[in-house]
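Student: For reference, the structure I am asking about is given below.
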Amino acid sequence: MSSDITIDSDGKQFIITCPVWANDLVRGLPNRKWNKTKRAWTAPIIRANVEAIDAIDKPMMTVGAIDAVATYKKEKQAESAPGAGFPSWYPFKRPPLKHQVDALNKAYKHRAFAFFMDMQTGKSKTVIDTVTAHRMEGHIQAVLVLTKKTLRGNFANALEDDCPIPYSVYLPFTDKPKEFDNWLYSKHDFKIMVVGWESLSAGGMATMCERFLLSHHPTAIVGDETTYIMTHTAGRAKVTEKFARMAEYRYALTGTPAAEGPMNLFQQFEYLDPDIIGIGDFYAFRNRYAIMGGFTPKEGPMRGKPTQVVGYQNLDELMELIGPYSFQVMKNDAYDLPPKRYAKREIEITKEQRAVYNTIKKDGILKHGDEVTVVQNTLETLLRLHQVVGGYTVKPREIKRLDKDGNPKIKIVYDPVELVVPEKNPKIIEVQSIVEEARHKQGIVWAVYSPEIHAIIQQLKKMGLRVGELHGGIDEQDRQPMVDAFARGDYDWVVGNASTGGMGYTMMSAEVNVFYNNTHKIRDRLQAEDRSWGQGQTKSGIWIDLIASKTVDVTIAKAVAEKEDLHNYIRKRIKRVHTLFDGETE
42 MSSDITIDSD GKQFIITCPV WANDLVRGLP NRKWNKTKRA WTAPIIRANV
92 EAIDAIDKPM MTVGAIDAVA TYKKEKQAES APGAGFPSWY PFKRPPLKHQ
142 VDALNKAYKH RAFAFFMDMQ TGKSKTVIDT VTAHRMEGHI QAVLVLTKKT
192 LRGNFANALE DDCPIPYSVY LPFTDKPKEF DNWLYSKHDF KIMVVGWESL
242 SAGGMATMCE RFLLSHHPTA IVGDETTYIM THTAGRAKVT EKFARMAEYR
292 YALTGTPAAE GPMNLFQQFE YLDPDIIGIG DFYAFRNRYA IMGGFTPKEG
342 PMRGKPTQVV GYQNLDELME LIGPYSFQVM KNDAYDLPPK RYAKREIEIT
392 KEQRAVYNTI KKDGILKHGD EVTVVQNTLE TLLRLHQVVG GYTVKPREIK
442 RLDKDGNPKI KIVYDPVELV VPEKNPKIIE VQSIVEEARH KQGIVWAVYS
492 PEIHAIIQQL KKMGLRVGEL HGGIDEQDRQ PMVDAFARGD YDWVVGNAST
542 GGMGYTMMSA EVNVFYNNTH KIRDRLQAED RSWGQGQTKS GIWIDLIASK
592 TVDVTIAKAV AEKEDLHNYI RKRIKRVHTL FDGETE
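To convert, take the position in the sequence shown, counting from 1, and add 41; that gives this note's numbering.
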């Protein structure tokens, strides 16, 4: 049996046949699979495989395979060749800043590009100018924008600020199919549909997106905050990748492309163009750029294989690959900003809180079992302890309901329980003290759980303050008007939840930022911090963390300092799990 390299009928993958003794040759390919039916190896025609096969002796390759390699290299050379920058004739509605001009010039010639631009450096303006220029040159007809559901209106406002030509923007709802049909089939020169990432999990919205893309050709797709699709196994990521293959131009926007590490980059570039990294699948990517170690399952498909990323390798190579297709700018490089000042206020929780805290902690410590179980149990216990530190806990209650077949069904709901009245809550008392110290200054208080948010609001109102609200209980259409009112000085303080209000809103008039507590996601913290730090901020603000001593607050604060999600922070310290509840991780 001789070795042979050809291509399939679609011209999308190599087919490699070889004797067993030559399998080492195939194993040198970064991405390949054994095809039982063909009794041959298959390997996609992507950068890493092309480079490996191009180094093989040509007698092993058929004419088709040689032509496929040559065609691939020619196309890539054409893509990387110097091209015209952003059109000089473009009629900007608002003049771009220098870093935005640099981004436009680098991005314009590429069909796939990542704007890794920090919060408030003008990502939306930059991509709006990009797609509008492509429309004016006839490169595209329409644009699909994917963003956080609550920020769809913000993107529509950005279009009004920066799009210099007539456009028709639509924010679809699955319960209004006739309205969607009427808009879809109406005539307009430049249609833009703005959809929430969260809606893609519902089949109806995904179908509407697909119909929009099929009804217009060619199109562009914009992923605003592509950290929402950084998990390669998520259904949302797969649906978005499918849409991206239907569009001629693809853009990614985020200020935190690798907030949890370089592994976050894979799916974002799969969405843009799988051939930029060109390694085929996540596990091949991980093998190339991550160092694996830690927990090794004794059973299951991953038996005997380490499952944890303990370090990274070949990152210079990765950055070289994505460099031509991305532009990065940090806020402090784009603007002359005052420095951030950080402070911590140490709090002692009450005896009532400590008693409940110790009971939950004792019941929640799990030292035995597999690592996944221990981490999950620890995270759930930390969540309950986190609530206690804020002044509340929950009490489970059973609700009896009937399922769709009429059978009785038990549902567990959790009612909030006040452990200490707001007037005696140590954290709320400290918030009031900070507000008194910051007299005549505007500020923001960030908190996590609904009971504590409402308690803070009521206590600040009792102080005679005008308080705005920015959390999940506020309707989407009412949030931006509140932010605008805060900017006008109609509110003294805003009380918000970082997972709701930490993205997409600008509150530069805030000089004091208080974190009553933090969510478990580092992205929420980074986004919330920068709501009041960016272009237009001339005063040196302060960011204050309220830390309850000898509690999970200390652990979460350490995770924030290391810019890690709490889950990852716990996993790395799982051998000292019993110390995490008291913040003693070192």
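No residue lacks a Cβ here, since even glycine has one placed at the ideal position from N, Cα and C. Keep in mind it's a predicted model, so treat the numbers as computed, not measured.
From what residue to what residue does the alpha helix (DSSP H) around Q518 run?
Tutor: From DSSP, the alpha helix (DSSP H) with Q518 extends over 517–529.
Student: My output table needs one value for N399: the three-state DSSP class, helix, strand or coil.
Tutor: Residue state, collapsed to three classes: helix.
Student: Considering L511, what are the terminal residues of the beta strand (DSSP E) in which it resides?
Tutor: It spans 508–511 - the beta strand (DSSP E) in which L511 sits, taken as one unbroken run.
Student: Rounded to whole angstroms, how far is the Cβ of V618 from the Cβ of L587, which I believe are closer than 8 Å?
Tutor: Actually they do not touch by this definition, with Cβ atoms about 25 Å apart.
Student: Considering only DSSP beta bridges, list what Y211 is partnered with.
Tutor: Answer is M234, bridged to Y211.
Student: Quick one: residues in its chain with C-beta nearer than 8 Å to the C-beta of R438, no 5 flanking neighbours on either side, listed in chain order?
Tutor: So the qualifying residues of the chain are I453, V454, Y455, D456.
Student: Pick from G179, C250, G244, W224: whose alpha carbon is nearest that of V236?
Tutor: Closest option to V236, Cα to Cα, is C250.
Student: Could you give the first and the last residue of the continuous alpha helix (DSSP H) run that contains A247?
Tutor: Per DSSP, A247 belongs to the alpha helix (DSSP H) from 244–256.
Student: Counting C-beta neighbours from all protein chains within 10 Å, is the total for W238 16 or more, i.e. buried, or is it exposed?
Tutor: W238 should be labelled buried.
Student: Which residues mark the beginning and the end of the beta strand (DSSP E) in which T579 is found?
Tutor: From DSSP, T579 is part of no beta strand (DSSP E); its letter is neither H nor E.
Student: Look at the alpha carbon of K450 and the alpha carbon of K436, and state the distance between them as a whole number of angstroms.
Tutor: Distance between the alpha carbons of K450 and K436: 19 Å.
Student: Just to confirm the assignment: which complete alpha helix (DSSP H) runs, minimum length 4, are found wholly within the region 292–379?
Tutor: You should have 306–313, 315–318, 323–330, 356–363, 372–375.
Student: Ignoring anything shorter than 4 residues, give me the alpha helix (DSSP H) runs that lie fully in the region 441–492, in order along the chain.
Tutor: As far as the region 441–492 is concerned, its whole alpha helix (DSSP H) runs of at least 4 residues are 467–478.
Student: Once DSSP output is grouped into helix, strand and coil, what is the label at R438?
Tutor: In the structure shown, R438 sits in a strand (DSSP, three-state: E or B).
Student: Going straight from the alpha carbon of R549 to that of Y292, what length do you get?
Tutor: A quick correction: the sequence has Met, not Arg, at residue 549. C-alpha separation (whole angstroms): 28 Å.
Student: Which of the three DSSP states, helix, strand or coil, is assigned to I48?
Tutor: I48: strand per DSSP, three-state reduction.
Student: Expressed to the nearest angstrom, what Euclidean distance is found between the alpha-carbon atoms of I97 and G352?
Tutor: Distance between the alpha carbons of I97 and G352 is about 32 Å.
Student: Classify Q54: buried if its beta carbon has 16 or more other beta carbons within 10 angstroms, exposed otherwise.
Tutor: Per the 10 Å Cβ criterion, buried.
Student: Determine whether the beta carbon atoms of T191 and E517 lie at a separation below 7 Å.
Tutor: The answer is yes: Cβ separation under 7 Å.
Student: Go through its chain and collect everything with a Cβ distance to D49's Cβ below 7 Å, but skip five positions before and after it.
Tutor: Excluding sequence neighbours, D49 sits near I56.
Student: For Q576, which residues of its own chain have a beta-carbon under 7 Å away from its beta-carbon, when the five flanking residues on both sides are left out?
Tutor: Once the five neighbours on either side are set aside, the close Cβ partners of Q576 are Q161, Y376.
Student: Report the three-state DSSP secondary structure of D586 (helix, strand or coil).
Tutor: Here D586 sits in strand by DSSP.
Student: For M42, count the other beta carbons within 10 Å of its own beta carbon; 16 or more makes it buried, fewer makes it exposed. Which is it?
Tutor: Annotation note: pLDDT 46 at M42 (below 50); position unreliable, coordinate value reported separately. It counts as exposed.
Student: Any idea if T620 is buried or exposed, counting beta-carbon neighbours within 10 angstroms, 16 or more meaning buried?
Tutor: Flag for T620 reads exposed.
Student: Figure out for me which residue from G484, K613, T47 has the closest Cα to the Cα of K79.
Tutor: Comparing Cα-Cα distances from K79 to each of G484, K613, T47, the minimum goes to T47.
Student: Can you round the beta-carbon distance between L241 and T267 to whole angstroms, since I take them to be within the 8 Å contact cut?
Tutor: Not quite, the Cβ-Cβ distance comes to about 13 Å (not below 8 Å), so this is no contact.
Student: Can you check whether the CB of Y211 is closer than 7 Å to the CB of M234?
Tutor: Taking 7 Å as the Cβ cut-off, M234 and Y211 qualify as a contacting pair.
Student: Going by beta-carbon coordinates alone, are V593 and H427 separated by less than 7 Å?
Tutor: Yes, Cβ-Cβ distance for V593 and H427 is below 7 Å.
Student: Among the residues of its own chain, which have a CB less than 6 Å from the CB of V91, if the five just before and after it don't count?
Tutor: So the qualifying residues of the chain are V110, Y113.
Student: Can you tell me where the alpha helix (DSSP H) holding R218 begins and where it ends?
Tutor: Just to set this straight, residue 218 is Pro in the shown sequence, not Arg. That run of the alpha helix (DSSP H) goes 218–226.
Student: Would the region 602–616 and the region 303–318 be scored as touching if the rule is three or more Cβ pairs under 8 Å?
Tutor: Contact fails: fewer than three Cβ-Cβ distances are below 8 Å.
Student: Measure the CB-CB distance between L313 and A153 and report whether it falls below 7 Å.
Tutor: Yes.
Student: Quick one: what's got a C-beta closer than 8 Å to V508's C-beta in the same chain, skipping five residues either side?
Tutor: These residues qualify, in order along the chain: I498, L501, K502, Y532, D533, W534, V535, V536.
Student: Since E393 and V458 are thought to touch, with beta carbons under 8 Å apart, how far apart are those beta carbons, to the nearest angstrom?
Tutor: Rounded, the Cβ-Cβ distance is 11 Å, inconsistent with contact.
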